[in-house]
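Taking my numbering, the leading residue of the sequence shown gets 23, the next gets one more, and so forth. Data block below; observations after.
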Amino acid sequence: MQQRENWGSRLGFLLAAAGSAVGLGNIWRFPYLTGENGGSAFIVIYLVCVFVIGLSIMIAEFTVGRRSGLAAVGAYKSYSRNWTFVGVIGVLSGFLIMGFYPVVGGWALAYIVKSITGLTSAPDAIGDVFGGFITNSFEPLLWMIAFLAVNVAIVAKGIAGGIEKASKVLMPVLFFLLIFIGIRSVSLPGADAGLSFLFSPDWSVVTGATVLAALGQAFFSLSLGMGCMITYGSYLNKKQNLAKDAVIVTSLDTLCAILAGIAIFPALFAFGMEPAQGPGLVFVVVPSIFAAMGGGVGVFFSTLFFVALAVAALTSSVSLLEVVVAYLIDEKKMARKKAVYLASAVMAVLCVMASLSLGVTSHITVLGVGAFDFFDILTDKIFLAIGGMFLAIFAGWVYKKEDLKAELTNEGTIKMALFEVWYALIKYVIPVAIAVIAFMGVKSIAQTGLMIFGLAVIVVLAIFSKKL
Ligand code: TRP
């Protein structure tokens with residue numbers, strides 16, 4: 023067998039996995055979902071989803087990935103052909119998430135330049151600039167292509183070199199910037215309303231849809247449910263402690279999301295803005311904070327923030343592209359470069375549709391939503407959660423317990439204290455919990471038709487997967 027590429031070092035793997043997890047999901051998506059779902063109660067549910075379900079699934083993905091030494095589809099297929107479809111759902115999710123993620127990555131790139139050339143200082147005007155920009159039919163497309171091109175350049179070079187280097191420098195920068203912005207935000211007059219929005223739960227706003235949104239966000243933010251961490255795990259050497267690494271990645275990711283919340287909401291309330299304003303949140307609030315600092319300082323930090331955001335987005339999107347590319351290499355025997363070009367060409371087309379659906383083609387909807395929301399809701403609220411559920415069933419009921427234990431204890435050379443707890447969660451609790459949340463969510467969400475469509479796609483894939 024051909025020698026599989028490996029991460030350069032332990033730190034290299036951790037940074038890459040954390041780099042995959044920390045991205046637009048934490049800084050763009052988490053705050054606006056929190057805003058739309060009423061704040062603190064959503065955060066509490068999110069945290070439970072992250073530490074009970076997400077962490078366990080991440081451990082399972084690392085384990086299955088390293089055990090098989092194969093990317094998502096191969097990891098399932100090599101153990102049982104009936105389970106190939108779960109890997110295939112993952113590859114499909116990779117395509118679909120990459121059908122809108124680079125659009126938002128492009129916004130971050132554009133905002134680097136807009137920060138330098140000067141955003142106006144009144145929050146209202148900053149909001150108008152954002153609205154005008156994303157609904158434009160030309161400018162965002164250029165930035166999206168630029169963002170995707172960087173992905174192609176990195177992934178075409180192979181796993182270890184490109185991805186590791188990019189994460190090592192700019193992830194820490196982003197982290198400290200978030201802390202800096204948070205301090206600034208909390209010290210603005212009128213910030214306490216934001217803190218109570220974040221930290222004193224109002225349970226009356228919680229519905230099935232809220233819980234599903236929190237679960238979906240946990241999967242999205244931790245890069246779970248589509249085989250991404252299986253693929254990264256497959257490049258991992260046999261000495262690392264999988265459970266410990268999963269705890270580190272999960273904690274870091276969650277810390278970044280909470281920091282993003284603390285950076286945004288106090289300032290938002292201080293400026294008298296609307297928490298439920300949707301996907302524009304970070305692109306409006308953060309520039310407003312910096313504009314309030316005024317002059318060169320504001321410009322400097324605003325630029326730095328969007329550089330770091332773009333890099334965080336990049337270290338995530340390369341992991342998504344890598345899932346699709348690894349599938350084409352491992353299963354379709356394609357050369358890496360060819361696989362990268364092919365996959366990214368399809369993604370570019372999806373992204374054009376997604377971007378335009380916010381502007382000129384906003385009247386075109388399928389099952390009640392435009393292309394951007396279609397790709398987003400289908401993956402985040404259905405494919406990832408159901409993919410995670412199947413992974414848990416696969417690990418708990420198909421995989422041999424001895425195999426899991428051997429892999430998690432590095433063939434008995436290290437201990438995993440909570441192995442039995444983890445195993446019970448994976449085998450019994452998580453599959454049931456996800457099924458219940460998905461069921462409640464489908465009932466209370468507005469896009470029921472889309473949810474049913476997604477479930478039908480999964481059934482069809484399960485039937486035809488042996489051919490894939
Ligand atoms: N976790 C990333 C973010 O928060 C996005 C991401 C990367 C992802 N790889 C993934 C989401 C795999 C789901 C599955 O921005």
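Positions of the beta carbon are idealized from the N, C-alpha and C atoms, including for glycine.
Check, Outcome
"Using only Cβ atoms and a threshold of 6 Å, which residues come within that distance of a heavy atom of the ligand TRP? Order them by chain position.", "Ser42, Ala43, Gly45, Leu46, Gly47, Asn48, Ile119, Phe242, Ser243, Ser245, Met248, Cys250, Ser338, Ser341, Leu342, Leu406"
"Just to confirm, is the Cβ distance from Gly60 to Val227 under 8 Å?", "yes"
"State buried or exposed for Trp105, treating a residue as buried only when at least 16 other CB atoms are found within 10 Å of its CB.", "buried"
"Per DSSP, what kind of secondary structure is Val228 in: helix, strand or coil?", "coil"
"Are the CB atoms of Val174 and Val362 nearer to each other than 8 Å?", "yes"
"Out of Val420, Gly463, Lys437, which has the shortest C-alpha to C-alpha gap to Ile448?", "Val420"
"Got a sec? Which residues, its chain only, sit under 7 Å from Cys250 by beta carbon, not counting five neighbours each side?", "Ser42, Ser341, Leu342, Val345"
"What span of residues does the alpha helix (DSSP H) with Ile404 cover, start to end?", "That residue, Ile404, is in no alpha helix (DSSP H); it is neither H nor E in DSSP."
"Do Val308 and Leu290 have their beta-carbon atoms positioned less than 8 Å apart in this structure?", "no"
"Helix, strand or coil: which one does DSSP assign to Val44?", "coil"
"Three or more C-beta pairs under 8 Å: does that hold for the segment 92-100 against the segment 350-361?", "yes"
"Do Arg88 and Leu258 count as a contact pair if the criterion is CB distance below 8 Å?", "yes"
"Quick check on the DSSP output: the alpha helix (DSSP H) that includes Thr435 runs from which residue to which?", "It is not in any alpha helix (DSSP H) - Thr435 carries neither H nor E in the DSSP assignment."
"Below 8 Å on the Cβ atoms is my guess for Leu196 versus Leu331; work out the distance and round it to an integer in Å.", "7 Å"
"What's the C-alpha gap between Val233 and Ile67?", "7 Å"
"Suppose the cutoff is 6 Å on Cβ atoms and the five residues either side in sequence are ignored; what does the same chain contact list for Met23 look like?", "Bear in mind that a pLDDT of 38 at Met23, under 50, signals an unreliable position, so the model cannot answer this."
"According to DSSP, is Val388 part of a helix, a strand, or is it coil?", "strand"
"Rounded to whole angstroms, what is the Cα-Cα separation between Thr470 and Ile408?", "16 Å"
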